[in-house]
Amino acid sequence: MQRYRPNMRAVQIASWALFFLLPSGGSAQTSARRPLQITTAKLPVPEATQKYEVQLKAEGGLPPYRWSLAPSSKPLPRGLALQENTGILYGRPDSREFSILVQVQDSSEPPVTVVKQLVTATAAPLTIQWTIRPHLAGSNLSGGLRVSNGTKDTVQLTIIVVAVNEIGKAFALRYEHLSLPAGSETPNLTFTSSLPLGSYVVHADAIGEVAAKNAIYRDRREQEGIIVTSQ
């Protein structure tokens with residue numbers, strides 16, 4: 005039996021209109037305008053060759069979701085597979101430590117896609133959180149974020165935020181390099197920039213290095229659907 009599907013383009017347009025027009029902290033906080041995001045913070049550390057199963061989780065957007073590896077991700081470790089419709093990562097991996105760049109796509113028309121890097125760790129080493137989700141006011145793109153250090157070491161942290169248009173041209177929104185103590189987080193790092201006409205994806209990358217341990221930690225957030233239509 006063919007399932008009836010409503011006109012989701014109209015639903016999405018209405019949802020985004022509410023998102024941008026309602027003031028921050030307004031009373032009309034509805035699930036229809038909640039942004040899509042991956043809520044899984046980390047992957048549990050597997051025992052090599054032992055059975056492994058993790059349910060990846062997302063919220064917001066329009067369910068059902070479709071999961072996959074991002075095009076730039078490393079392949080899954082040998083012995084692991086990802087179920088597209090359920091978001092279950094399963095198998096018998098032959099490696100205890102790995103990272104994947106996973107993406108989830110909702111059922112909007114056109115669909116919304118978000119990407120997040122997940123690593124095997126007892127605690128997420130670095131975590132980016134949008135404090136102000138990237139949005140447009142005319143041709144000005146604004147947003148804000150914080151980065152948390154979940155390790156037991158001070159990390160030398162580099163944060164890069166860029167907007168990339170449909171032809172691959174990148175526009176820098178924010179750059180920071182700082183020393184972030186263990187268990188702490190950065191101040192709220194805001195950005196505002198005027199962009200040319202076009203369609204953009206905002207990439208926020210955090211790279212933390214602990215030189216004494218030869219360790220590098222990463223996290224990434226992406227926000228699609230930024231379309232500049234006027235100057």
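Here this note's numbering is used: the first residue of the sequence shown is 5, the next is one more, and so on. All C-beta atoms, glycine included, are put in the ideal place defined by N, C-alpha and C.
CA-to-CA distance, residue j to residue i, given in whole angstroms
| i | j | result |
| --- | --- | --- |
| residue 203 | residue 228 | 9 Å |
| residue 171 | residue 53 | 43 Å |
| residue 186 | residue 86 | 32 Å |
| residue 123 | residue 159 | 17 Å |
| residue 47 | residue 79 | 16 Å |
| residue 218 | residue 166 | 27 Å |
| residue 33 | residue 75 | Confidence at residue 33 is low in this model, with a pLDDT of 38, below 50, so the placement of that residue is unreliable and no value is reported for it. |
| residue 226 | residue 51 | 31 Å |
| residue 148 | residue 168 | 17 Å |
| residue 108 | residue 216 | 35 Å |
| residue 234 | residue 140 | 11 Å |
| residue 69 | residue 38 | 14 Å |
| residue 230 | residue 205 | 6 Å |
Under 8 Å between C-beta atoms of residue i and residue j
| i | j | result |
| --- | --- | --- |
| residue 106 | residue 224 | no |
| residue 90 | residue 63 | no |
| residue 232 | residue 191 | no |
| residue 195 | residue 177 | yes |
| residue 92 | residue 57 | yes |
| residue 61 | residue 96 | no |
| residue 221 | residue 162 | no |
| residue 153 | residue 189 | yes |
Per-residue burial, residue i [other beta carbons within 10 Å of its own, 16 or more giving buried]
| i | result |
| --- | --- |
| residue 28 | Low confidence applies here, because residue 28 scores a pLDDT of 40, under 50, leaving its location unreliable; read the following figure in that light. Classification of residue 28: exposed, given that the 10 Å Cβ count is below 16. |
| residue 179 | exposed |
| residue 25 | Note that residue 25 scores 34 on pLDDT, short of 50, meaning its location in the model is unreliable; the coordinates nonetheless yield the value given after this. Classification for residue 25: exposed. |
| residue 121 | buried |
| residue 114 | exposed |
| residue 182 | exposed |
| residue 112 | buried |
| residue 59 | exposed |
| residue 67 | exposed |
| residue 98 | exposed |
| residue 142 | exposed |
| residue 144 | exposed |
Simplified DSSP state of residue i, which is helix, strand or coil
| i | result |
| --- | --- |
| residue 156 | coil |
| residue 174 | strand |
| residue 61 | coil |
| residue 78 | coil |
| residue 217 | helix |
| residue 120 | strand |
| residue 165 | strand |
| residue 226 | strand |
| residue 2 | Look at the range of the chain in this structure, 5 to 235, and you will see that residue 2 is not part of it. |
| residue 180 | strand |
| residue 131 | strand |
| residue 199 | coil |
Counting Cβ pairs, one atom from each stretch, are 3 or more of them under 8 Å apart for the stretch 199-216 and the stretch 129-140?
With three or more CB-CB distances shorter than 8 Å, the stretch 199-216 counts as touching the stretch 129-140.
Is the number of C-beta pairs between the stretch 73-84 and the stretch 133-146 that are closer than 8 Å three or more?
Per the Cβ contact rule, the stretch 73-84 is not in contact with the stretch 133-146 (fewer than 3 Cβ pairs under 8 Å).
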